[in-house]
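S.K.: Residue numbers (the working numbering), protein chains in the order written: chain A, 47 to 165; chain B, 2 to 112; chain C, -15 to 505; chain D, 7 to 349.
If you scroll down you'll find the structure; I have some questions about it.
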Amino acid sequence: MIEYIPFIAVVGMIFIGLYAVLFRRNLIKIVIGISVIESGVNLFLITLGYRDSGVAPIYTSLPAGTPSPQGMVLPVPQALTLTSIVIGVAVLALMLSLVMHIYRKYGTLDIRKIRRLKE
Amino acid sequence: MFTLESGSGFWNPLLWILIVFIAFLLLYGIRGFGRNTYKKDTEQTKAFLSGNKEPSPDEMHVKASNLYWGFTTSLNNVYTALRKMHTGNTSDYVLWFVIILAVLFLVFGVM
Amino acid sequence: MTVLDLLIEHAPALIVAIPLFGAFLMPLVSRVNEKLRNILALSIICLTGFFIWLLATDVLARGPRLYIFGAKNLASPMVRILFEVDSMSIFMITITVILAFIALVYSWSFMKEHDGLDKYYTLVLLLIASTLGMELTGDVFNFFVFLEISCIVSCALIAFFISEGEALEAAFKYIVVSSIGALFILFAIGLLYAQYDALNIATLAQVLKYTFLDKIVLVLLVVVLGMKAGLVPMHMWLPDSYGRAPPSVTLIIIGATLASFYGVLRVIFTLYGNVLSNAMRFALPVNVLVGWILIALAIISIIVGVIMALVQTDLMRLIAFAAVAEVGYMFLAIGTSIAALGSPYATTALQGGLLHLLNDALDIGLLFLVAGALYYATKKRLLDDISGLARNMKYTTVFFIIGLLAVAGMPPLNGFASKFLIYESVYQLNPILSIVAILCSILMLAIFVKVFYAAFLGPELPGFKDVKEAPRSMLLAMGLVAGLAIFIGLFPNIVIDTLVKPAADALVNHAQYISTVIGGI
Amino acid sequence: MDILELSELSVRIILGTLGLTAFGIIFGLFYKGIDRKLSARMQGRIGPPLRQPFRDVAKLFAKENIVPDHAIPWIFNLIPLVGLIAAISILLYLPIGGFPALFSWGGDLIVILYLLLIPSLSLVIGGFSSGSPYAIIGAQREMATIIAYEFPLAIIIITIAWKFLQKGATNVFSLATITATPVWNQVTGPLGIIGFAILLLVLLLVTPAELSKIPFDASEAETEIAGGLLVEYSGRNLAMFYLMDGVKTVVLASLVVTLFFPYNLSPLLHLASYPGMALDILFYLFKVFLIILFSVTLIRVAIARLKIDQIVYTYWIPLTLASLVGLILVMWDSVVMNLFSSA
């Protein structure tokens, strides 16, 4: 059972994030929601690569007696996660700067009032 | 080689262009027999308004949003519904995405 | 090995690397000279185009090509960054580079009076690089990375007119929608990796079993990419962002949107090519189900697109809704070809759909360029505010007429050729599909006749007495697109035989795509 | 393709275009004369002589060709010519006079459907470009009418093609295929015949709207918007539109004849060579006359003009439903007959 907890957490985080995006009105909260989804997905990737009592996949600093490569956690998901985190930071920064500018132009952070483009 | 074949029909653009070109030459010639003069800068070049005084172009101009009035009014119900759908609210955009996702999950037997 | 062989071998990497490198060169060169920067940007695209041409001749003659980063061969485990180029990728990158070239020519005059142009050119080249990367990559994670880059860069470009609140709003909506979409794609990639321990499309396609998780992946990928391509009812970000982006880059954003459409094709035809027709659901093969779902969404897209476009008052937003309808035509064609996989008309439909992809990019692009020219000349966005511009803008009028006839699919322009193929293939699946398609294409005609009247005909309003014709570089760009539209309209078979047919064959023949990688171990 | 074939083809194109232009214009005006005479007689008038349309054209050529102030001159002058040329080009894809179509390999029904749009479109753009409020109102009505009647028309064309496809024909949109085996021979039971009869009726009702004749002439409506989209046209430009109207009449009647009555008398009477040809041409002209009589003259004498929203309603609700019923009947035709034969 205990090994399922990360996956439950992943699903939970994605749904919390979606909830924030769908039902919160504040732009900042929507941005936070997207971040939460992203963390959920990153957690998912990391969990995929986890091995019970595995060590970091660095050959040069392998603890003595660890079977290689079975004793190491998978390196690929970690690489994917790193890339995803970097991209996530870029998206987050861009979104926050947009929110800032939108606040200057519209004078509000309420998503329901920021809809000059419709129909 | 120049005929586009769909398996159900044909379309040869070059042939059509040739036909149009020949017909154009012929009819342009025929049209040339007609009189091409008129009295410029007189009453006759004014827009016909059943004798009413011609208003300024600004007022006489039929605006783009008034065009196809009959068509849009006859589809009024559709437009009301579609306008309601295009709220312009970002959350709704994501909501539609989630809805389609959910529907397809149902269709494919995931949920 | 001659130099030419070497160039061809490394062309897939260079095609992405050159614009990427050029992008970061732009701020530097901008300090030196503005004109030099414009010339450099254009020559970077020309160089990319040259490599694309080299690669295209090779791939079309000799079949798919593999490019593995950091290794000569692909060894197990199959986790390498790799590009795989088949005729379909060639078709897409050709379109992208043509659009990019035209957009840059147009930008020369259009953006002249704005500042921040160093960043503008950086972003444009980055967008081109990421779009090309999406179309060349043979690796799902790589696809995600390029998708995210294109999403970030597009967002920045949409917000380029930062003094307008609407541009910011459109950019925010775009980034919310597309970053959520991209995260779901990453989730799907994680699911695939968890099951099959591989990330490249070919390996995945070979081992895919259509398990429960694979169903989730299929739905996630198709829905997200469909949203990024602009399928109704997930299209609403599209009119906002197309309508507010600078018209000079809308063309490239269209290219990026079409790359998402390409992603749908890749997922359905290649990734799930082995399993779709074998698996069953509701006593139907899954390919029929997927095909009909796409057809249903496509029909809704076509109808909603034209009906909404009919009442728009903002010209660029109107064209964007027409773009939604055009995307619907493409999905209609490929949906038909998926649902009827294997029958002769499926091939015709696929070819029609792919040709329509090219035509849609050109026609909608041309209309955006014309809209941009009108905006440049009058500084007005609303159709109600302009009138009688045919007197002062003769060339623009002619280009608009060509765009109007092309987008409405009137003979003898390019739109007719592809719509002709679509009508005469989809009716075999169900006659209603063709009927709706024909009717909506006539509505499209009505929409653009209205625009033609509102912008170009009508009495001369006092405010527009001394409107100037668009500058030369903009006319050149419009002329190039119009020329291409006429050429494809008059000689559709040349384009179909050289580009479209190989692309369609490559899609249907996914075994070849797989064996290129598997054989390359 | 060698040089001989190429030269033969070019001679065919040139002579065909010239000949059919003459044919279209002369018979278009001739049928216009008949139509006017007949409708006058039906209304208890004497009516103009048969050659009156020719005189009208001659008179228009002698009149001043006014370009109004608010018009865009080059579009205003070019558009009538474009419409006339497009109408004439359709004639080359249709079987005329009982002969096979001149270039049935160059265009099919979908092409004809789109080419038919061009004359109507030219009227619309001509109206818009003349810059008079009356013309603009007329032009937008014409555009709404086009959208309206195109729905049933598309259903008819796709249904016919679909039926041929089910019967295993290839190139089903090609007019050569359709004239070789008329639609009535494609059906297996009474349902199909009823279905096609409904479609024929709808097509006959689409024809007056294509030609903007009463009751579907809201775009011209002399009594309320003074000629509508033609209000600013005069002289030779108006003559071009006048000729276009005549040619379109022949085109549409020929289309109906081709789709539903592509029969010839000569095989029946075992006539060959020139007498057979002459008979076929006469029979074809008679069929065209009948179509014009039913779908133009009779309807226009009997019914008053509809308002534009009524036109849209008529085509989108009753006629579209009728043609959909036709489509369904045609689709069920073979299914139902199979049921009977298996039971």
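A virtual CB, placed ideally from N, CA and C, is assigned to each residue, including glycine.
List the DSSP bridge partners of Phe125(C).
M.R.: Answer by DSSP bridge pairing: none, since Phe125(C) is not bridged.
S.K.: Specify the secondary structure class of Ile52(C) as computed by DSSP and reduced to three states.
M.R.: In the structure shown, Ile52(C) sits in a strand (DSSP, three-state: E or B).
S.K.: Between which two residues does the alpha helix (DSSP H) harbouring Leu163(A) extend?
M.R.: Looking at the DSSP string, Leu163(A) is not in any alpha helix (DSSP H), and its letter there is neither H nor E.
S.K.: Out of Ile309(D), Leu87(D), Ser128(D), point me to the one whose CA is closest to Tyr437(C)'s CA.
M.R.: Closest option to Tyr437(C), Cα to Cα, is Ser128(D).
S.K.: Please confirm whether Phe352(C) and Pro231(C) have their CB atoms less than 7 Å apart.
M.R.: In contact: Phe352(C) and Pro231(C) (Cβ atoms closer than 7 Å).
S.K.: Would DSSP call Asp114(D) helix, strand or coil?
M.R.: Asp114(D) falls in the coil class under three-state DSSP.
S.K.: Have a look at Asn243(D) and Leu87(D) and give me their C-alpha separation to the nearest angstrom.
M.R.: One C-alpha to the other measures close to 8 Å.
S.K.: Please list the residues of the stretch 69 to 95 of chain D that have a C-beta atom closer than 8 Å to any C-beta atom in chain B, keeping them in chain order.
M.R.: So the close ones are Lys69, Glu70, Asn71, Ile72, Val73, Pro74, Asp75, His76, Leu87, Leu90, Ile91, Ala92, Ile94, Ser95.
S.K.: If you measure between the beta carbons of Gly58(A) and Gly79(A), is that distance less than 7 Å?
M.R.: Not closer than 7 Å, so no.
S.K.: Could you give the residue range of the alpha helix (DSSP H) that holds Val233(C)?
M.R.: Where Val233(C) is concerned, the enclosing alpha helix (DSSP H) stretches over 231 to 249.
S.K.: Is Thr88(B) close to chain D, meaning its C-beta is less than 7 Å from at least one C-beta of that chain?
M.R.: Output row for Thr88(B): interface = no.
S.K.: Can you find the residues in the same chain that come closer than 7 Å, C-beta to C-beta, to Gly113(D), ignoring five residues on each side of it along the sequence?
M.R.: The answer, listed in chain order, is Tyr99.
S.K.: Can you give me the C-alpha to C-alpha distance between Leu291(D) and Asp223(D), rounded to a whole angstrom?
M.R.: Their Cα atoms are separated by approximately 26 Å.
S.K.: Starting from the C-beta of Leu281(C), find all residues in its chain whose C-beta is less than 6 Å away, skip the five residues before and the five after it, and write them out in chain order.
M.R.: Around Leu281(C): Leu215.
S.K.: Take the Cβ of Gly467(C) as the centre, count every other Cβ of all protein chains shown within 10 Å, and call the residue buried at 16 or more, exposed below.
M.R.: So Gly467(C) ends up on the exposed side.
S.K.: Where do the N-terminal and C-terminal ends of the alpha helix (DSSP H) with Val208(C) fall, by residue?
M.R.: Start and end: 196 to 213.
S.K.: Applying the 10 Å Cβ sphere with the 16-neighbour rule, what's the burial state of Ala64(D)?
M.R.: So Ala64(D) ends up on the exposed side.
S.K.: Give me the DSSP bridge partner(s) of Trp12(B).
M.R.: Paired residue(s): Leu5(B), Gly113(D).
S.K.: Would a check of beta-carbon distances place Asp251(D) closer than 7 Å to chain B?
M.R.: No, its Cβ sits nowhere closer than 7 Å to a Cβ of chain B.
S.K.: Tell me which residue opens and which closes the alpha helix (DSSP H) that Leu12(C) is part of.
M.R.: Counting along the chain, the alpha helix (DSSP H) containing Leu12(C) begins and ends at -13 to 16.
S.K.: Taking C-alpha atoms, which residue in Trp168(D), Leu312(D), Ile323(D), Gly104(D) lies nearest to Ile287(D)?
M.R.: Comparing Cα positions, the closest option is Gly104(D).
S.K.: Determine the direct distance from the alpha carbon of Gly144(D) to that of Asn126(C), and round the result to whole angstroms.
M.R.: Cα to Cα, Asn126(C) sits roughly 56 Å from Gly144(D).
S.K.: Pick out whichever of Ile157(A), Ala125(A), Tyr105(A) has its Cα sitting closest to the Cα of Leu89(A).
M.R.: The shortest Cα separation from Leu89(A) among Ile157(A), Ala125(A), Tyr105(A) belongs to Ala125(A).
S.K.: Take Leu142(A) as the anchor and find which of Thr121(C), Ala25(C), Ile159(C) has the nearest alpha-carbon.
M.R.: Comparing Cα positions, the closest option is Ile159(C).
S.K.: Going along the stretch 28 to 43 of chain B in order, which residues come within less than 8 Å of chain D, judged by CB to CB distance?
M.R.: Here the close residues are Leu28, Tyr29, Arg32, Phe34, Gly35, Arg36, Asn37, Thr38, Tyr39, Lys40.
S.K.: Note down the Cα distance separating Val391(C) from Thr121(C), rounded to an integer number of angstroms.
M.R.: Roughly 31 Å separates the two Cα atoms.
S.K.: Taking the beta carbon of Glu14(D) as the centre, do at least 16 other beta carbons fall within 10 Å, making it buried, or is it exposed?
M.R.: Its Cβ having fewer than 16 others within 10 Å, Glu14(D) is exposed.
S.K.: With 7 Å as the threshold, decide whether the Cβ of Leu76(B) is near any Cβ in chain A.
M.R.: No, Leu76(B) does not count as interfacial toward chain A.
S.K.: In whole angstroms, give me the CA-to-CA distance for Leu38(C) and Ala(-5)(C).
M.R.: Going by the C-alpha atoms only, they are around 8 Å apart.
S.K.: Which residues, in order along the stretch 396 to 407 of chain C, keep a beta-carbon less than 9 Å from a beta-carbon of chain D?
M.R.: For the stretch 396 to 407 of chain C, which is checked against every Cβ of chain D, the residues closer than 9 Å are Phe400, Lys403, Phe404, Tyr407.
S.K.: Quick check: what's the CA-CA separation for Val11(A) versus Pro123(A)?
M.R.: Absent from the structure is residue 11(A), since the part of chain A shown begins at 47 and ends at 165.
S.K.: Taking the alpha-carbon positions, what's the Leu97(D) to Leu90(D) distance?
M.R.: About 11 Å.
S.K.: In or out: Leu217(D) buried (at least 16 other Cβ within 10 Å) or exposed?
M.R.: With 16 or more other Cβ atoms within 10 Å, it is buried.
S.K.: Mind reading off the beta-carbon distance from Leu460(C) to Val89(C)? Whole number of angstroms is fine, and I expect it under 8 Å.
M.R.: That pair is a contact at about 6 Å.
S.K.: What are the residues that DSSP puts in a beta bridge with Asp181(C)?
M.R.: Answer by DSSP bridge pairing: none, since Asp181(C) is not bridged.
S.K.: By the three-class DSSP mapping on this structure, what secondary structure does Arg18(D) have?
M.R.: Note: Arg18(D) maps to helix in three-state DSSP.
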